[in-house]
Amino acid sequence: MVFSAPSSTPFPSGAITAVSGTTVVVRGDDIDTDRIIPARFLKCVTFDALGPAAFADDRAELAQDPAGPHPFDRPEHQGASILLVNRNFGCGSSREHAPQALMRWGIRAVVGESFAEIFHGNCLALGIPCLIAAHDTMLDLQASLTASAVGCLDLERLQFVAALADGERSWSLELAEGPRSMFLSGQWDATGQLLAQDQALINTAARLPYLRSFAA
Amino acid sequence: MSTATLYDKVWELHRVADLPGGGTQLFIGLHLIHEVTSPQAFAALKDLGLGVRHPERTVATVDHIVPTLSQARPFADPLAEEMLATLERNCSEHGIRLHGLGSGRQGIVHVIAPELGLTQPGMTVACGDSHTSTHGAFGAIAFGIGTSQVRDVLASQSLAMGKLKVRRLWVEGRLQPGVYAKDLVLHVIRTLGVKGGVGYAYEFAGPAIEALSMEERMTLCNMAIEGGARCGYVNPDAVTFDYLRGRPHAPSGAAWDQAVAWWSSLASGPEAVFDDEVRFDASTIAPTITWGITPGQGIGVDETVPTLEQTEPDERPIAEEAYRYMDLQPGSPIAGTPVDVCFIGSCTNGRLSDLQAAAAVARGRRVAEGIKAFVVPGSEQVAAAAEAEGLDRIFLEAGFEWRQPGCSMCLAMNPDRLEGRQISASSSNRNFKGRQGSASGRTLLMSPAMVAAAAIHGRVTDVRELLASA
Ligand code: SF4
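First to last, the protein sequences are chains W and C. All residue numbers for the first sequence refer to my numbering, where the first residue is 3 and numbers rise by one. All residue numbers for the second sequence refer to my numbering, where the first residue is 313 and numbers rise by one.
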């Protein structure tokens, strides 16, 4: 298997069979959307500026702390594309700003013990797979990957493979069949599917009386 | 499974395709946009290199962030100014009609689309705002959508959706004097719960519904979403057609008769089958008011705050949270609860008949000492019509402030907001914690006439007492 860190990371599109890159670990249960992107950043006109604001308050707090800096501020995690988290990640608000902030910071996949349902759905709509790891698997993953190891999340085989100093290791993960097949086939992209039906759309419009000025 | 209801007929007409992912692709007849949920959607279009598929079926206005004291540009809040400027730029780039400030047609999106005749029976209507259910009053299928769906509708004039079940809410009897559509819908939500309608479209029908004006029907459908129903509707009838006739975007001439025939054919007839039905009697409903932190925590103004024993077991945790947050004692009467701020407005109750009902209470009376009371018309047209009738004078003489149109303190994205633990009597639609701009602010939802009564006495008051002594 060949590993390569993403040089530039375009936003997800089309079929997604694997995500490779370096990892960043953010520990803790119940990390809510307000922590992922504080509410004051919601009054905005584009999601463009949200990337640097990901975890803004947590990062500011840890910058002053002996335990700091926040993983998102550590040099070895710059350019990371796989986020490793714990339980109930992304709980709180339904707005899309949280996954947008993570995506714009560079995240292309998340592995966690569990996810809030709406967050999971919002990530799906952006083409960001959220995979589940059992508790012990996650602790092992987080412990093994603190260095900037390059790994590959394989959606076909549902496993995470990483090249570590002592050789290649793999961990098995879970993803419900529905979202998995949507990623593998590219169907997570609602816009693309809708645009593919343009002729049917034209036919539908043609039979709506209010679009024909009610002419008989 | 429902068949031959208005919902089924409109769904079938707008069905474009069945999608591989399992959903149905639905054509959207009218897409309404505003400054808060559209900018990111336009940015996403740009990222994808896409344009707007049907700019002529897309209509914009500005409502959520506009100040209601001075609407001079640029706004004092630079973020609000940027949001409006972005909307203006996106609309002009994509050839979308924008009913901006001072156009005579600006206002809350769910107020202006009906008054311009844009919303019509048999349409599918989508907007990035959950109270889009309002438009169902016309016999349209109308629902709120999220930002990524706004992008999808801009790009493809369609949406991936799952079909809802249809519940008929059959309402007998008549609303009594002093009881309004707001009381009816608060009563429905109190009865069926805030999650009761999840997975359903609500069809409101029966003699009490047929007797409602279009503005009352809009109030009713507006809050279907607060009962969990993504859309609510009323079958189109003569009341609907009378309202639409002569509006700027309504059909005219020969097309009018064709339209009425088509609209009439869409109504759920005797052959319609519903997934289920719930019956109500309008004549027994009292003015209804929320005491808690969800729109389902409502009681008649003559009732007491329910005790835990009176509360269903699964509702008890939220009831306990509400007692603490609202600082109200279980078992105590809601009437007489002191209020600080009185807000009349919003897409639920910011239309002319709402202001008339409130003015009838305010006329010749004075707002109680220390109460901040203000009226925010739902649109520039509502403001003009109200001023032509002298309603602004009645409110001003009674000590209310008369503001410029917008969403205002419904969600407090503009400078109108509660401070600290202030408690408001509000004609809006959500009493969630912190909804009105202060993290600890408290909201009592009620009809506009009840808000006016609360303003006069400085405490929650049964409006029927004031109407009797007028
Ligand atoms: S008045 Fe309130 S509910 Fe209605 S559109 Fe404005 S913010 Fe939304």
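The beta carbon of each residue, even a glycine, is placed where N, CA and C say it ideally should be. What you are looking at is a predicted structure, and each value in this text was computed from that prediction instead of being measured.
Check the C-beta distance from residue i over to residue j and give it rounded, since I have them as a contact under 8 Å.
i                      : j                      : result
residue 49 of chain W  : residue 352 of chain C : 5 Å
residue 512 of chain C : residue 453 of chain C : Not confirmed; about 13 Å, so no contact.
residue 748 of chain C : residue 738 of chain C : 7 Å
residue 380 of chain C : residue 726 of chain C : 7 Å
residue 753 of chain C : residue 778 of chain C : Not really, about 26 Å apart at Cβ, beyond 8 Å.
residue 475 of chain C : residue 336 of chain C : 6 Å
residue 611 of chain C : residue 603 of chain C : 6 Å
residue 30 of chain W  : residue 110 of chain W : Not really, about 21 Å apart at Cβ, beyond 8 Å.
Indicate whether at least one CB of chain C lies closer than 7 Å to the CB of residue i.
i                      : result
residue 127 of chain W : yes
residue 197 of chain W : yes
residue 48 of chain W  : yes
residue 98 of chain W  : yes
residue 211 of chain W : yes
residue 192 of chain W : yes
residue 10 of chain W  : Its pLDDT being 49, under 50, residue 10 of chain W is placed unreliably in this model, and the value from its coordinates should be taken loosely. Residue 10 of chain W does not count as touching chain C.
residue 203 of chain W : yes
residue 206 of chain W : yes
residue 189 of chain W : yes
residue 216 of chain W : yes
Return the chain-ordered list of same chain residues with a C-beta closer than 6 Å to the C-beta of residue i, the five sequence neighbours on each side being excluded.
i                      : result
residue 344 of chain C : 371, 421, 425, 439
residue 583 of chain C : 316
residue 487 of chain C : 594
residue 261 of chain C : Only positions 313 to 782 of chain C appear in this structure, which leaves residue 261 of chain C out of reach.
residue 763 of chain C : 654, 656, 737, 739
residue 703 of chain C : 667, 671
residue 718 of chain C : 375, 378, 380
residue 91 of chain W  : 33, 114, 117
So that I know if they touch, is there some Cβ in chain W lying closer than 7 Å to that of residue i?
i                      : result
residue 633 of chain C : no
residue 724 of chain C : no
residue 337 of chain C : yes
residue 395 of chain C : yes
residue 472 of chain C : yes
residue 673 of chain C : no
residue 464 of chain C : yes
residue 784 of chain C : A question about residue 784 of chain C goes unanswered here, because the residues of chain C that appear run from 313 up to 782.
residue 467 of chain C : yes
Could you tell me the alpha carbon to alpha carbon distance between residue i and residue j, rounded to whole angstroms?
i                      : j                      : result
residue 212 of chain W : residue 435 of chain C : 8 Å
residue 39 of chain W  : residue 314 of chain C : 42 Å
residue 89 of chain W  : residue 217 of chain W : 58 Å
residue 120 of chain W : residue 97 of chain W  : 9 Å
residue 78 of chain W  : residue 346 of chain C : 42 Å
residue 505 of chain C : residue 543 of chain C : 15 Å
residue 398 of chain C : residue 47 of chain W  : 7 Å
residue 145 of chain W : residue 755 of chain C : 48 Å
residue 642 of chain C : residue 632 of chain C : 9 Å
residue 459 of chain C : residue 204 of chain W : 24 Å
residue 494 of chain C : residue 445 of chain C : 15 Å
residue 393 of chain C : residue 349 of chain C : 15 Å
residue 164 of chain W : residue 362 of chain C : 37 Å
residue 364 of chain C : residue 468 of chain C : 7 Å
residue 781 of chain C : residue 698 of chain C : 24 Å
residue 369 of chain C : residue 68 of chain W  : 57 Å
residue 556 of chain C : residue 209 of chain W : 22 Å
Among residues of its own chain, excluding the 5 on either side of residue i, which ones have a beta-carbon nearer than 8 Å to its beta-carbon?
i                      : result
residue 134 of chain W : 113, 114, 115, 116, 117, 175, 176, 177
residue 266 of chain C : Outside the modelled stretch of chain C, which goes from 313 to 782, sits residue 266 of chain C, for which no answer is possible.
residue 415 of chain C : 692
residue 674 of chain C : 706, 707, 710, 712, 764, 767, 768
Under the criterion of a Cβ to heavy atom distance below 6 Å, does residue i qualify as lining the ligand NAD?
i                      : result
residue 343 of chain C : This structure simply doesn't include the ligand NAD; it includes the ligand SF4 instead.
Can you list, in chain order, the residues of its chain with a C-beta nearer than 7 Å to that of residue i? Leave out the 5 residues immediately preceding and following it.
i                      : result
residue 771 of chain C : 648, 649, 650, 651
residue 463 of chain C : 353, 356, 357
residue 45 of chain W  : none
residue 431 of chain C : 342, 425, 437, 447, 450, 452
residue 746 of chain C : 753
Contact between the region 570 to 581 of chain C and the region 523 to 537 of chain C (3+ Cβ pairs under 8 Å):
In the pairwise beta carbon analysis, the region 570 to 581 of chain C is classified as not touching the region 523 to 537 of chain C: fewer than three pairs are separated by under 8 Å.
Pairs of beta-carbons, one from the region 49 to 64 of chain W and one from the region 79 to 88 of chain W, closer than 8 Å: are there three or more?
The region 49 to 64 of chain W makes no contact with the region 79 to 88 of chain W, as fewer than three CB pairs between them are under 8 Å.
Report yes or no: do the region 637 to 656 of chain C and the region 601 to 618 of chain C share at least 3 C-beta pairs separated by less than 8 Å?
Counting C-beta pairs closer than 8 Å gives three or more between the region 637 to 656 of chain C and the region 601 to 618 of chain C, which meets the contact rule.
If contact is defined by three or more beta carbon pairs under 8 Å, each pair taking one atom from either stretch, is the region 657 to 666 of chain C in contact with the region 681 to 696 of chain C?
Flag = yes, the region 681 to 696 of chain C and the region 657 to 666 of chain C touch.
Measuring CB atoms only, is the region 518 to 528 of chain C touching the region 623 to 633 of chain C, in the sense that at least three cross pairs come out at less than 8 Å?
The count of Cβ pairs closer than 8 Å, one atom from the region 518 to 528 of chain C and one from the region 623 to 633 of chain C, stays below three, leaving the stretches out of contact.
Would the region 669 to 688 of chain C and the region 705 to 725 of chain C be scored as touching if the rule is three or more Cβ pairs under 8 Å?
Contact between the region 669 to 688 of chain C and the region 705 to 725 of chain C is present, because at least three Cβ pairs lie under 8 Å.
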